[in-house]
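Q: I'd like to ask you about the structure that follows.
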Amino acid sequence: MPFAIFSLSISEHQTRTFYAAQYNRVRVVAENGQTISLPWEVFKPFVTQDGISGKFAVYFDAHGKFKELKRLE
Numbered sequence: 000m001p002f003a004i005f006s007l008s009i010s011e012h013q014t015r016t017f018y019a020a021q022y023n024r025v026r027v028v029a030e031n032g033q034t035i036s037l038p039w040e041v042f043k044p045f046v047t048q049d050g051i052s053g054k055f056a057v058y059f060d061a062h063g064k065f066k067e068l069k070r071l072e
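Taking numbering that gives the first Met the number 0, the leading residue of the sequence shown gets 0, the next gets one more, and so forth.
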């Protein structure tokens, strides 16, 4: 399954703008230089009181469609 790895840091204040529906996509740059636009909803399980921070792997199906997002340890 194709995948990309990226780091992300979104402050608590910035996450509020997503919850307020001012934005509905998050744009990230993977370690391989690829720019990826993901729906905000896939990040919601990773939100803490401080926002979102960490290294993630996004997986795609054979057609390049989003399949899964995992936080890497």
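Quick reminder that beta carbons are idealized off the backbone N, C-alpha and C, glycines included.
(1) With DSSP run on the structure shown, which of helix, strand or coil describes Lys66?
(2) Per DSSP, what kind of secondary structure is Pro1 in: helix, strand or coil?
(3) Taking the CB atoms as reference points, tell me whether Phe59 and Lys66 lie closer together than 7 Å.
(4) Which of helix, strand or coil does DSSP assign to Tyr18?
(5) Counting only the same chain and skipping the five closest in sequence on each side, list residues whose C-beta sits under 6 Å from that of Glu11.
A: Checking against the coordinates, here is how it stands:
(1) Here residue 66 refers to the residue found at position 67 of the sequence shown. Of the three classes helix, strand and coil, the one that applies to Lys66 here is strand, per DSSP.
(2) Against the sequence shown, residue 1 aligns to sequence position 2. Of the three classes helix, strand and coil, the one that applies to Pro1 here is coil, per DSSP.
(3) In the sequence shown, residue 59 corresponds to position 60, counting from 1. In the sequence shown, residue 66 corresponds to position 67, counting from 1. Cβ distance < 7 Å, so Phe59 and Lys66 count as in contact.
(4) Walking along the sequence shown from the start, residue 18 turns up at place 19. Collapsing the DSSP output to three states places Tyr18 in a helix.
(5) Here the question's residue 11 lines up with position 12 in the sequence shown. Excluding positions up to five away in sequence, the list reads Asp49, Gly50.
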